[in-house]
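Protein chains in written order, with my numbering: chain A, -10 to 250; chain B, 5 to 305.
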């Protein structure tokens, strides 16, 4: 009789295999978590100063941001809002570069049910993309409309239908580079730096110029400071103006068309 | 003359699924409270209705979590809401997840006792007493979801939880009125005896009181928000121009049913009571849809 060299698979073996698999999965999650944590530069108070006297609405910052993160159509991490004022020949055109303000009291962080968005130790408000469930409560809560729902996976974020927003280009900042929009601006309207550092450009600009933030009455303490902010640029439609006027002129795509790609 | 030349899109992120969720939780809370009128508040005449109300409360709430999960961008990650380490104390939705886990279980046990063991009056009363604040919390928290969002002028009002609860009771009672009518018309002999037609008129009377309170909340909000800042005025003007809000929610959902239930000619008429109940149910659906979509329609940036 042939001796069976085949070992019978016991319950213990299956449990061992399952345990190893679970441990491996947990290890990858932990590794992912520590990798994210290591990306954040600690002990800083990152902020941005945007000098509106210099901005001339070229949208290079919007395009640089779009290409840096493969931002899909319909969503914006950073954009430039444009307003025409007056009647010919007394006309003005105002530009307001916008992005997530990385507030000190962020409304989005307060309402996220799973703490997927958080105020990091570098001062930036960041997103845990593997945790976001896509409930969009943060999108409702943000007073600045800085967030958008990803309609597809991007080169930067491997999940779709979760919330995405500007993250101050942490992947560049931790390597000592500037954010893409700051780097790209031909007029050097945007400045980025650490408010804790008394010699940084942003600290100097804020201490030497009259700066404004957007919607200070919201109590969110935004960390993007504007020099020479025209009050009418802030808020929905135009503050103080006819609320029934169209918000975006004809010709811009309807949002529903670009949402699901 | 100002004109916005270029701006980013403002999308309506929360849509009909969310509005349906609020509608069903409201109905569930309303029917549960109606059921507790018999078991907790001791109104004996509603005793036979209590078990139907409890069953409805459970069924209505049972359909709710799937609506929410389907609405998520990543539905398969919904279990993140249940991880204790992820729980955010300041997030109303996180609290809601806790409530939506506890309340259906209590509802099920309560309905079980009412149907299978109705003689255990003390247990039923205790369950009812825990259930009423829980039902109020399950629907009140949805009011808080909107009420704490300071960026949306239409939502940011202290009245929100109270208004939501008023709408919830109104819809729950209207539903129970219709259920009573059906049971009385098509039920067995003993059901017909246990659930007389007079219950419809009693519930109609209570409904008219709550409708008056609901209307008072609507008027308060509209008038006070009209005195607010620019975004608030924009929000209310937008709402008052919306036919679903004015004709659907206010006229059809509040004013006409109140008139039907208050006028001496129609308040004792069964068909008119049914009409009022149906109008209320449709009106409250408009309430839920209005608040979800008007709040998001005012652009904030």
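Glycine included, every Cβ here is placed at the ideal spot set by N, Cα and C. Quick caveat: nothing in here was measured; it's all calculated off a predicted structure.
{"query": "Along the chain, which unbroken stretches of the alpha helix (DSSP H) at least 4 residues long are found entirely within the region 42 to 97 of chain A?", "result": "49 to 58"}
{"query": "Examine chain B for any beta-carbon lying closer than 8 Å to the beta-carbon of residue -10 of chain A, and answer yes or no.", "result": "In this predicted model, residue -10 of chain A has a pLDDT of only 49, less than 50, meaning its place in the structure is not dependable enough to derive any value."}
{"query": "Return helix, strand or coil for residue 172 of chain B, following the three-state DSSP convention.", "result": "helix"}
{"query": "With a 10 Å radius around its C-beta and 16 neighbouring C-beta atoms as the bar for buried, classify residue 32 of chain A as buried or exposed.", "result": "exposed"}
{"query": "Beta-carbon within less than 7 Å of residue 218 of chain B's beta-carbon, same chain only, minus the 5 sequence neighbours each way: which residues are those?", "result": "170, 171, 174, 258"}
{"query": "Residue 98 of chain A and residue 118 of chain A: beta carbons closer than 8 Å?", "result": "no"}
{"query": "Specify, as a first and last residue, the run of the alpha helix (DSSP H) that residue 278 of chain B falls within.", "result": "274 to 301"}
{"query": "Can you give the Cα-Cα distance for residue 127 of chain A and residue 160 of chain B, rounded to whole angstroms?", "result": "15 Å"}
{"query": "Which of the three DSSP states, helix, strand or coil, is assigned to residue 304 of chain B?", "result": "coil"}
{"query": "The alpha helix (DSSP H) that contains residue 35 of chain B, what's its start and end?", "result": "20 to 43"}
{"query": "So which residues of chain A does residue 9 of chain B contact, with C-beta pairs closer than 8 Å?", "result": "71, 72, 73, 82, 238"}
{"query": "Using DSSP with H/G/I as helix, E/B as strand and the rest coil, what is residue 229 of chain A?", "result": "Confidence in residue 229 of chain A is poor, its pLDDT being 46 and thus under 50, which makes the residue's placement too unreliable to answer from."}
{"query": "In angstroms, rounded to a whole number, what distance separates the CA positions of residue 206 of chain A and residue 6 of chain A?", "result": "57 Å"}
{"query": "Kindly list the residues whose CB is nearer than 6 Å to the CB of residue 40 of chain A, restricted to its own chain and excluding five residues on each side of it in sequence; keep chain order.", "result": "178, 216"}
{"query": "Mind pulling the chain B residues with CB within less than 9 Å of residue 121 of chain A?", "result": "77, 78, 81, 84"}
{"query": "With a threshold of 7 Å (Cβ to nearest heavy atom), would residue 201 of chain B be considered close to the ligand MN?", "result": "By its list of ligands, the structure shown contains no ligand whatsoever, and the ligand MN lies outside what it can speak to."}
{"query": "Helix, strand or coil for residue 166 of chain B? Go by DSSP, reduced to three states.", "result": "helix"}
{"query": "Verify the CB distance criterion: does residue 52 of chain A have a CB-CB separation below 8 Å to chain B?", "result": "no"}
{"query": "I want to verify the contact list: residues of chain A whose CB lies under 7 Å from the CB of residue 156 of chain B, in sequence order.", "result": "129"}
{"query": "In the structure shown, what three-state DSSP assignment does residue 190 of chain A receive?", "result": "helix"}
{"query": "At a CB-CB cut-off below 9 Å, which residues of chain B make contact with residue 94 of chain A?", "result": "None at all; the shortest Cβ gap to chain B is about 11 Å."}
{"query": "By the criterion of Cβ-Cβ separation under 9 Å, what are the contact partners of residue 304 of chain B in chain A?", "result": "131, 132, 133, 134, 204, 224, 225"}
{"query": "With DSSP as the reference, label residue -3 of chain A as helix, strand or coil.", "result": "coil"}
{"query": "Could you please give me the residues that DSSP links to residue 36 of chain A through a beta bridge?", "result": "A:182"}
{"query": "Taking the alpha-carbon of residue 162 of chain A as reference, which of A:151, A:183, A:148 has the nearest alpha-carbon?", "result": "A:183"}
{"query": "Is DSSP giving residue 188 of chain B helix, strand or coil here?", "result": "helix"}
{"query": "Between which residues of its own chain and residue 69 of chain B is the CB-CB distance below 7 Å, once the five residues before and five after are set aside?", "result": "104"}
{"query": "Using a Cβ distance threshold of 8 Å, determine whether the region 131 to 149 of chain A contacts the region 84 to 97 of chain B, with at least three qualifying pairs required.", "result": "no"}
{"query": "Would residue 190 of chain B be called buried (16 or more neighbouring beta carbons within 10 Å of its own) or exposed?", "result": "exposed"}
{"query": "Who are the neighbours of residue 102 of chain A on chain B, taking C-beta pairs under 9 Å?", "result": "84, 85, 90, 91, 92, 95, 96, 97, 98, 99, 100, 101"}
{"query": "In the DSSP assignment, what are the bridge partners of residue 216 of chain A?", "result": "A:40, A:200"}
{"query": "Under 8 Å by Cβ, that's how I've got residue 96 of chain A and residue 212 of chain A pegged, so tell me the actual separation to the nearest angstrom.", "result": "Between residue 212 of chain A and residue 96 of chain A the Cβ distance is about 14 Å, and since that is not below 8 Å, they are no contact."}
{"query": "Closest by CA to residue 151 of chain A, which one among A:11, A:204, A:64?", "result": "A:64"}
{"query": "Quick one: what's got a C-beta closer than 8 Å to residue 215 of chain B's C-beta in the same chain, skipping five residues either side?", "result": "174, 258, 261, 262, 265, 284"}
{"query": "Can you list the alpha helix (DSSP H) stretches of 4 or more residues lying completely in the region 198 to 276 of chain B, in chain order?", "result": "202 to 230, 234 to 244, 260 to 266"}
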